[in-house]
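A short write-up of the structure that comes next.
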Amino acid sequence: MAITSHDVARLAGVSQPTVSRALRDDSRVSAATREKVRRAAEALQYVPSEAGRTLSTRSTRRIGVIVTDLTNPFYPHVVAPLHDELRGLGYRMMLLTERSDEAVAGETLLDQSLDGVVLATATTDSRLPAQLDRRGMPYVFLNRDTGAPGEYASVVDNEGGGRQVAELLTGLGHRRVAGVFGSANTTTGREREQGFRLGLADAGTALPESRVVRGPFEYATGYGALPRLLGAAEPPTAVFCGNDVVAIGVLNAALAAGLRVPGDLTVIGFDDLPMAAWEAFRLTTVRHDLDELSRQAARLLVRRITGEADPAGERLVLPTELVPRATHAGPA
């Protein structure tokens, strides 16, 4: 006769649900109890049946994570803690990569093989959230949402971070400032630009469109933007970039143009990726807690799956702080 989880429960002296949670490394079960259950399972040579678990609970314990830009160094730093948090909550993570959200919609997400979805690269015009809503598939936004009311999202105070950069630059005396922002159909691009503009306006400084470039959050965007900005009638003395990857592109373009940073040009980033602190860059940037950004998204999604989340939506916003390093100074 086949060994069941009930046999393991009797040997370990715990309930059958505790056995199931312990063997999934559920953080709600103490380490001592998890170890006791594992020893009992090994002694009985018990192997959990994933198929049986799915049929009995109508739950796959799988979460899909959609990332459409794996070439961006930002995403590995949020995917890793997301994986760890979901594992601790008893779920397995499946990374789904395509060039757009719509490309992974279809059967991949809607065939009942997943309990929920994390949307990490959503745009304001994405149709995927509406499709998931129609199918009753729980999902959360990570880092970027659509800006619509009633969403479930783990995001950053992008506007506040933009204001912090504006305050730094105007405080240093910069008046000819430029912005290399993200795409207009991303909330991170829009909100960081809006905060920057509002902060500049408070100090009586304008940001004309002639000193603004928008594009994907990629190295090439920053590298290609700087020559355009330098070609203006009044080139900028400082550039605020939509993220650190764009900022590194601007830094390399400045080097190629023979400019000294920060002597000739101040460059500010956003996100504080680990590489921003490398001696090669020492980038002044806006920091937020990348690890917590992912972990709170995982917890929020599980609350949606279990019906514990606020039915009106939850938008969790992490604070930002300016990290001064070596790429900012007053205008020459």
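For the sequence shown, full-length UniProt numbering gives the first residue as 1, with consecutive numbering after it. Where a beta carbon is used, it is the ideal one built from N, C-alpha and C, also for glycine.
Go through its chain and collect everything with a Cβ distance to Thr170's Cβ below 6 Å, but skip five positions before and after it. Counting from one through the sequence shown, the residue named residue 170 turns up at place 170. Hits under 6 Å: Ala203, Thr205.
How many Å lie between Val302 and Ser210 at the Cα? Against the sequence shown, residue 302 aligns to sequence position 302. Against the sequence shown, residue 210 aligns to sequence position 210. Each residue's alpha carbon lies about 45 Å from the other.
Is the beta carbon of Val156 sitting closer than 8 Å to the one on Val323? By one-based count along the sequence shown, residue 156 stands at place 156. By one-based count along the sequence shown, residue 323 stands at place 323. Not in contact: Val156 and Val323 (Cβ atoms no closer than 8 Å).
Helix, strand or coil at residue 353 [DSSP, three-state]: A query on residue 353 cannot be resolved here, the shown segment of the chain reaching from 1 to 332 and no further.
In terms of residues, what are the limits of the alpha helix (DSSP H) holding Phe196? Here residue 196 is taken as the residue at index 196 of the sequence shown, counted from 1. Its alpha helix (DSSP H) spans residues 187-202.
Could you pull the DSSP bridge partners for Ala238 from this structure? In the sequence shown, residue 238 corresponds to position 238, counting from 1. Looking at the DSSP assignment, Ala238 forms a beta bridge with Val177, Thr266.
Assigned exposure category for Thr327 - 16 Cβ within 10 Å defines buried: Sequence index remark: in the sequence shown, residue 327 carries index 327 (1-based). With 16 or more Cβ atoms within 10 Å of its Cβ, Thr327 is classed as buried.
Mind checking who Ile66 pairs with in its DSSP beta bridge? Looking up residue 66 in the sequence shown gives position 66. DSSP, once it has assigned bridges, lists Leu96, Leu119 as partnering Ile66.
For the pair the stretch 277-293 and the stretch 215-230, tell me if three or more CB-CB distances fall below 8 Å. no
Given that a residue counts as buried once 16 or more other Cβ atoms are within 10 Å of its Cβ, and exposed if not, what is Ala184? For this step, residue 184 is matched to residue 184 along the sequence shown. That one is exposed.
Could you spell out where the beta strand (DSSP E) holding Glu314 opens and where it closes? Counting from 1 along the sequence shown, the entry for residue 314 is found at position 314. Start and end: 314-318.
For Ala148, verify whether its CB is less than 7 Å away from any heavy atom of the ligand FAD. Annotation note on the ligand FAD: not contained in the displayed structure, which lists no ligands.
Indicate the three-state DSSP secondary structure (helix, strand or coil) for Leu283 in the structure shown. Here residue 283 refers to the residue found at position 283 when the sequence shown is read from its first residue. Looking at Leu283 - three-state DSSP - the assignment turns out to be coil, as it is neither helix nor strand.
Close beta carbons around Val177, own chain, < 6 Å, minus the five adjacent residues each side: Position 177 of the sequence shown, counting from 1, holds the residue named residue 177. Leu169, Pro236, Ala238.
So Ala247 is in the beta strand (DSSP E); what residue range does that whole segment cover? By one-based count along the sequence shown, residue 247 stands at place 247. Here Ala247 belongs to no beta strand (DSSP E); instead the alpha helix (DSSP H) covers 244-256.
Start-to-end residues for the beta strand (DSSP E) that takes in Glu321: On the sequence shown, position 321 is the one that residue 321 refers to. Element bounds for Glu321: 321-323.
Reducing DSSP to helix, strand and coil, say where Asp271 ends up. Counting from 1 along the sequence shown, the entry for residue 271 is found at position 271. Of the three classes helix, strand and coil, the one that applies to Asp271 here is strand, per DSSP.
Spatial neighbours of Gly215 within its chain, please: CB distance less than 6 Å, with the 5 preceding and 5 following residues excluded, ordered by chain position. If you number the sequence shown from 1, residue 215 lands on position 215. Cβ within range, chain order: Thr221.
Please check the pair Leu70 and Thr33, which I expect to be a contact at CB under 8 Å, by giving their CB distance rounded to whole angstroms. The count along the sequence shown starts at 1 and reaches residue 70 at position 70. The count along the sequence shown starts at 1 and reaches residue 33 at position 33. Actually they are not in contact, since the Cβ atoms of Leu70 and Thr33 sit about 38 Å apart, beyond 8 Å.
Is the stretch 258-277 touching the stretch 70-79 in the sense that three or more CB pairs, one from each, lie closer than 8 Å? yes
Under the three-state reduction of DSSP, which class applies to Ser154: helix, strand or coil? Stepping through the sequence shown from its first residue, residue 154 is reached at position 154. Assigned with DSSP and collapsed to three states, Ser154 falls in strand.
Keeping to the same chain, check which residues put their C-beta closer than 6 Å to that of Arg144; ignore five residues upstream and five downstream. Stepping through the sequence shown from its first residue, residue 144 is reached at position 144. Within the same chain, Arg144 has close Cβ partners Ala122, Thr186, Thr187, Thr188.
Am I right that Arg24 and Arg61 are in contact with their C-beta atoms under 8 Å? What's the rounded C-beta distance? By one-based count along the sequence shown, residue 24 stands at place 24. By one-based count along the sequence shown, residue 61 stands at place 61. Sure, about 7 Å apart at Cβ, within 8 Å.
Segments assigned alpha helix (DSSP H), at least 4 residues, entirely inside the stretch 14-49: 16-23, 31-44
Quick check: the Cα distance between Ser154 and Gly313, rounded to an integer number of angstroms? Indexing the sequence shown from 1 puts residue 154 at position 154. Indexing the sequence shown from 1 puts residue 313 at position 313. Going from the Cα of Ser154 to the Cα of Gly313 covers about 11 Å.
For Leu233, which option in Leu255, Pro208, Asp244 has the closest C-alpha, if you only look at C-alpha atoms? Translated into positions along the sequence shown, residue 233 becomes position 233. The question names Leu, but residue 233 in the sequence shown is Ala. Among Leu255, Pro208, Asp244, the Cα nearest to that of Ala233 is on Pro208.
Quick check: the stretch 11-18 against the stretch 27-46, are there 3 or more CB pairs under 8 Å? yes
What is the DSSP secondary structure of Tyr75, reduced to helix, strand or coil? Taking the first residue of the sequence shown as 1, we reach residue 75 at position 75. Looking at Tyr75 - three-state DSSP - the assignment turns out to be helix.
Element boundaries [beta strand (DSSP E), containing Val213]: Within the sequence shown, the letter at position 213 stands for residue 213. Looking at the DSSP string, the run of the beta strand (DSSP E) that includes Val213 is 212-214.
Determine the DSSP secondary structure at Leu259, reduced to helix, strand or coil. By 1-based counting over the sequence shown, the position of residue 259 is 259. Reduced to three states, the DSSP call for Leu259 is coil.
Note down the Cα distance separating Gln194 from Phe141, rounded to an integer number of angstroms. Looking up residue 194 in the sequence shown gives position 194. Looking up residue 141 in the sequence shown gives position 141. Near 21 Å, if we compare the C-alpha coordinates of Phe141 and Gln194.
Expressed to the nearest angstrom, what Euclidean distance is found between the alpha-carbon atoms of Phe270 and Phe181? Within the sequence shown, numbered from 1, the residue matching residue 270 stands at position 270. Within the sequence shown, numbered from 1, the residue matching residue 181 stands at position 181. Cα-Cα distance, rounded: 10 Å.
Once you ignore the five residues that flank Leu198 on each side, which residues in its own chain have a CB closer than 7 Å to its CB? One-based indexing of the sequence shown puts residue 198 at position 198. Same-chain partners within the cutoff: Arg163.
Candidates Ile268, Asp264, His6, Val213: which alpha carbon is nearest Ala247's? Looking up residue 247 in the sequence shown gives position 247. Ranking the options by Cα distance to Ala247, first place goes to Ile268.
Determine the DSSP secondary structure at Gly52, reduced to helix, strand or coil. As a working mapping, residue 52 is identified with position 52 in the sequence shown. Caution is warranted here: a pLDDT of 45 is assigned to Gly52, below 50, making its placement in the model unreliable, and the coordinate value is therefore given only provisionally. In the structure shown, Gly52 sits in a helix (DSSP, three-state: H, G or I).
Taking the alpha-carbon positions, what's the Leu114 to Gly150 distance? Position 114 of the sequence shown, counted from the first residue, corresponds to residue 114. Position 150 of the sequence shown, counted from the first residue, corresponds to residue 150. Rounded to whole angstroms, the gap between the alpha carbons of Leu114 and Gly150 is 22 Å.
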